[in-house]
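Under my numbering, the letters of the sequence shown match residues 38 to 263, in that order.
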Amino acid sequence: MSTTTLAFDETIRNRFSPRAFLPEPLTEEQIRQVLTDAQSSPSNCNNQPWHVHIVSGKTKDALEKAMVRNHSEGIVTPDFTFDYADFYGDYFDRSQEQARIYYETLGVTREDKIKRDEVYIRNFKFYGAPHAAFLFMPSFGDNIRVASDMGMYGQTFLLSLAARGYAGIPQTLLGFHADTVREILGVSEQYRLLFGISFGYADPNAPTHHVRMGRISIDESVTIHS
C-alpha cells in the first residue's frame, strides 16, 4: 500500500465530488489514516464536536434499502431544514447550473421524470461507494458554531481522501433520513445528523468523472481591506 500523498496545492485542485465509485473497498488501515488526518481539524474552543459513524458492507446495505424505501414512501426526517426556495440570486443560479450540467452529462432531460428520479435515488445508494461516513453533532445554541466545526472536519476528511488517491462526495441528502440512520446505527437522539460522505475509489469510466464545477472569481467573493 502506497503511503505517498499529494502536495497541498495538488490536493486542493484535484479534489472533486465524484458521483460514481468502484466497488473496491479501502482497508481499515487506509480509512484510519484518513480519520487520523480529520481528527486534527480545528474547532471552537477545541470542543471537537464530531461524532462520526463509518459504514460498509451489510450495515451500508441496510441503510441504502431503508433510505430508498423512505424515498418511495415520501418519508423524510431531517434534523436541519433545506429548501431550494431559500436560495436567491446568484446562489440559486449556481445550484441550478450544477444540476443542469450533471443531468445533461448523464443524458437525462428535465422532462424525463422517471430517469431524474432514478438519478436522485443514487444518492441513497451512495453512488456505488463501498463506504460512507455519517457526521453527527451535539446541539449547542443555534448550532451555527457546531455546524461550522463539522464543516471543517468534513473538508479535512475530503482533502485527506484526495491526497491519498481516494475520493469522496459530501451529501446533504444523506441527512434527510436522520431518524432511520440513528435507529440502524444505534445513535442517541442527542446527536443530530448534519450530512454524510460517500467515499472510496472514483470510477474513472463514469460519464461524470471528468465533470468539474466552476468557481466564481476571488474578486466576486473576497473584499481585501488595507
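Quick reminder that beta carbons are idealized off the backbone N, C-alpha and C, glycines included. Since the model is a prediction, treat every value here as computed from it, not as a measurement.
Which residue's Cα is closest to the Cα of residue 258: 68, 67, 127, 200? Answer by Cα proximity: 127.
For residue 78, which residues from the same chain have a beta carbon less than 6 Å from its beta carbon, with the 5 sequence-adjacent residues on both sides left out? The answer, listed in chain order, is 189, 190, 193.
According to DSSP, is residue 142 part of a helix, a strand, or is it coil? helix
DSSP on residue 227, reduced to helix/strand/coil? coil
Within 8 Å (strictly less), CB to CB, does residue 204 reach chain C? Looking for chain C here will not work: only one protein chain is present.
Look up residue 202 in the DSSP assignment and say whether it is helix, strand or coil. coil
With a CB to CB cut of under 6 Å and the five nearest residues on each side skipped, what residues in its chain are close to residue 80? Within the same chain, residue 80 has close Cβ partners 186.
Looking at the structure shown, is residue 63 part of a helix, part of a strand, or coil, going by DSSP? Correct three-state label for residue 63: coil.
In this structure, does DSSP put residue 76 in helix, strand or coil? coil
Local conformation of residue 172 per DSSP, three classes: strand
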